[in-house]
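Participant:
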Amino acid sequence: MQARADLQGALTLERGLGHQPSNVLHQARLELAEVLEGSGDREGAIDLLEEADLIAASVEAGDGSLRIEALEKLVALVQRTGDVDRTQRIFERLIKQYGRRYVEDSAFLVS
4 MQARADLQGA LTLERGLGHQ PSNVLHQARL ELAEVLEGSG DREGAIDLLE
54 EADLIAASVE AGDGSLRIEA LEKLVALVQR TGDVDRTQRI FERLIKQYGR
104 RYVEDSAFLV S
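End of the sequence shown sits at 114 in the working numbering; the numbers just go up one at a time, nothing left out.
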């Protein structure tokens, strides 16, 4: 599948540049994770979503929307594996992000 090859190539190039991680290819990670799961590579998809969250956590400023997006997809994917403990741990990370996001929104609305 050409889309898979293109997305994997872009991520390989980014990783090989030796620069600090960035969110430039965040959407590519999310899309490739869907392609990987669809082709039967669920663990590869999970690893890629974990990477997307890790990178977003290290470089994202603002409301955490990139982390939320990655974690929402990750929790749904892990839930489909049937691993309840792992699903719960990821869900707890997601809830923390929701809390941070809405605390910032509330502060903005009050001021």
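The beta-carbon is built from N, C-alpha and C at its ideal position, and this holds for glycine as well. None of these values were measured; they are calculated from a predicted model.
Distance, Cα to Cα, residue 54 vs residue 84?
Facilitator: Cα-Cα distance, rounded: 18 Å.
Participant: Quick check on DSSP: helix, strand or coil for residue 80?
Facilitator: Residue 80 falls in the helix class under three-state DSSP.
Participant: Closest by CA to residue 106, which one among 35, 5, 65?
Facilitator: Among 35, 5, 65, the Cα nearest to that of residue 106 belongs to 65.
Participant: Within the continuous alpha helix (DSSP H) that includes residue 37, where are the two ends?
Facilitator: Run containing residue 37: 29 to 41, per the alpha helix (DSSP H) assignment.
Participant: Please go through the same chain and pick out, in chain order, the residues whose beta-carbon is closer than 8 Å to the beta-carbon of residue 78, but skip the five residues on each side of it.
Facilitator: Closer than 8 Å at Cβ, skipping near neighbours: 90, 93, 94, 97.
Participant: Would you call the CB atoms of residue 52 and residue 69 closer than 9 Å?
Facilitator: Their beta carbons are not under 9 Å apart, which means residue 52 does not touch residue 69 by this criterion.
Participant: Within this structure, are the beta carbons of residue 32 and residue 73 separated by less than 9 Å?
Facilitator: Result yes, Cβ atoms of residue 32 and residue 73 sit closer than 9 Å.
Participant: Taking the alpha helix (DSSP H) that residue 50 falls in, what are its first and last residues?
Facilitator: Start and end: 45 to 62.
Participant: Applying the 10 Å Cβ sphere with the 16-neighbour rule, what's the burial state of residue 35?
Facilitator: So residue 35 ends up on the buried side.
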